[in-house]
Ligand SMILES: [Zn+2]
Ligand SMILES: [Zn+2]
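Numbering (the numbering used here), first residue to last: 3 to 291.
Rendered as structure tokens:
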């Protein structure tokens with residue numbers, strides 16, 4: 003969608019605006035969300051590109067002219083395709099950027115976070131007429147936040163799930179597969195209705211989608227375990243076997259998640275590692291051979 007009208011994806015106080023960003027293919031855009039029935043927050047101040055920021059600012063101005071106030075900007079996590087427009091929009095409208103402390107730490111020196119959010123936050127929803135809970139969902143990023151509207155059931159899920167591709171878990175950027183899978187399960191246990199991801203269209207059945215994501219991760223991890231069991235002892239060899247269903251151009255990205263799976267298997271005592279991170283050798287433990 004490229005027109006300048008917000009796509010009203012729900013009557014429940016959330017509207018989506020995809021903006022072009024420097025993100026990972028196959029995604030080309032990051033969704034910004036306007037959250038609130040009258041006064042509102044902007045979630046994901048995503049785009050660093052001037053024309054995209056101008057579209058966003060025009061839409062905010064339009065709401066402000068109708069008497070609705072922008073109360074703040076919320077970043078789900080620190081990745082550049084999520085915070086590329088944060089400085090510009092906060093300065094233009096004189097509002098705070100809100101994020102988790104771990105996101106603030108990751109952005110230190112580049113983007114200023116003015117107010118911290120965590121799960122103890124109880125006052126976010128009332129000013130915008132919604133029942134909002136903040137969820138801290140590390141795994142993809144250590145400070146990752148989701149927003150759950152508990153009455154309507156929808157959830158803004160950032161990069162925990164995408165309707166375009168699987169999510170990269172990069173151990174070099176504090177990604178953690180244990181945390182990620184645990185948080186997907188926790189999100190499913192809250193029985194969300196519609197999921198609003200940062201990349202791609204909304205997902206109608208949140209519980210089913212999160213369940214499918216967990217199942218996909220477990221299946222991939224089993225392929226990684228079997229690759230090591232079958233003699234693949236380097237990261238490259240593991241990727242070639244465990245991601246044989248993915249195009250070769252994706253393998254450098256898949257290698258990040260493969261390492262996260264290998265570390266998870268190691269922590270569970272399924273495999274052992276010798277050597278340093280990128281040149282490590284992986285082998286099955288005795289009782290796994
Ligand atoms: Zn991300
Ligand atoms: Zn992203």
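For glycine and all other residues, C-beta sits at the position ideal for the given N, C-alpha and C.
Suppose the cutoff is 6 Å on Cβ atoms and the five residues either side in sequence are ignored; what does the same chain contact list for residue i look like?
{"i": "residue 126", "result": "134"}
{"i": "residue 274", "result": "285, 287"}
{"i": "residue 33", "result": "18, 20, 200"}
{"i": "residue 4", "result": "Bear in mind that a pLDDT of 39 at residue 4, under 50, signals an unreliable position, so the number given afterwards is only what the model happens to contain. Excluding residues within five positions, none has a Cβ falling inside 6 Å."}
{"i": "residue 168", "result": "none"}
{"i": "residue 180", "result": "266"}
{"i": "residue 276", "result": "283"}
{"i": "residue 108", "result": "80"}
{"i": "residue 7", "result": "With a pLDDT of only 49 at residue 7, under the threshold of 50, the placement of this residue in the model should not be trusted; the figure read from the coordinates follows. For residue 7, where only same-chain residues beyond five positions count, there are no Cβ hits under 6 Å."}
{"i": "residue 176", "result": "144"}
Is residue i a contact residue of ligand 1, with contact defined as CB to any heavy atom under 7 Å?
{"i": "residue 161", "result": "yes"}
{"i": "residue 256", "result": "no"}
{"i": "residue 102", "result": "no"}
{"i": "residue 295", "result": "There is simply no residue 295 to check, as the chain begins at 3 and stops at 291 in what is shown."}
{"i": "residue 116", "result": "no"}
For ligand 3, any of its heavy atoms closer than 7 Å to the Cβ of residue i?
{"i": "residue 138", "result": "Within the structure as shown, ligand 3 is missing, the only ligands being ligand 1 and ligand 2."}
Among the options, which residue has its Cα nearest to the Cα of residue i?
{"i": "residue 94", "options": "79, 75, 103", "result": "75"}
{"i": "residue 53", "options": "113, 72, 86", "result": "86"}
{"i": "residue 121", "options": "58, 238, 103", "result": "103"}
{"i": "residue 238", "options": "264, 193, 78, 153", "result": "264"}
{"i": "residue 202", "options": "26, 154, 31, 70", "result": "31"}
{"i": "residue 191", "options": "15, 268, 204, 152", "result": "152"}
{"i": "residue 91", "options": "68, 233, 229, 115", "result": "115"}
{"i": "residue 78", "options": "211, 198, 225, 271", "result": "198"}
If you measure from the CB of residue i, is any heavy atom of ligand 2 nearer than 7 Å?
{"i": "residue 80", "result": "no"}
{"i": "residue 193", "result": "no"}
{"i": "residue 200", "result": "yes"}
{"i": "residue 84", "result": "yes"}
{"i": "residue 105", "result": "no"}
Can you find the residues in the same chain that come closer than 8 Å, C-beta to C-beta, to residue i, ignoring five residues on each side of it along the sequence?
{"i": "residue 119", "result": "76, 100, 101, 102, 126, 136, 147"}
Grab me the residues of residue i's own chain with a C-beta within less than 7 Å of its C-beta, minus the 5 sequence neighbours each way, in chain order.
{"i": "residue 166", "result": "28, 29, 201, 202"}
{"i": "residue 14", "result": "151, 154, 156"}
Could you tell me whether the region 236-246 touches the region 205-219, using the rule of 3 or more Cβ pairs below 8 Å?
-> no
The region 257-275 contacting the region 170-182, beta-carbon criterion three pairs below 8 Å = Touching, yes.
With contact counted as at least three CB pairs below 8 Å, one residue from each stretch, are the region 56-64 and the region 147-160 in contact?
-> no
Flag this pair as touching only if the region 129-144 and the region 178-193 have three or more C-beta atom pairs under 8 Å; answer yes or no.
-> yes
With a cut-off of 8 Å, do at least 3 Cβ pairs link the region 42-57 to the region 85-102?
-> yes
Entirely enclosed beta strand (DSSP E) segments - the region 38-122, minimum 3 residues | 42-45, 72-76, 99-101
Identify every run of the alpha helix (DSSP H) within the region 164-239, keeping only runs that are complete inside it and at least 4 residues long; order them along the chain.
-> Restricted to the region 164-239, the alpha helix (DSSP H) segments that are unbroken, complete and at least 4 residues in length are 179-191, 208-231, listed in chain order.
Could you name each continuous beta strand (DSSP E) segment of 3 residues or more that falls completely within the region 249-282, going from the start of the chain to the end?
-> 273-276
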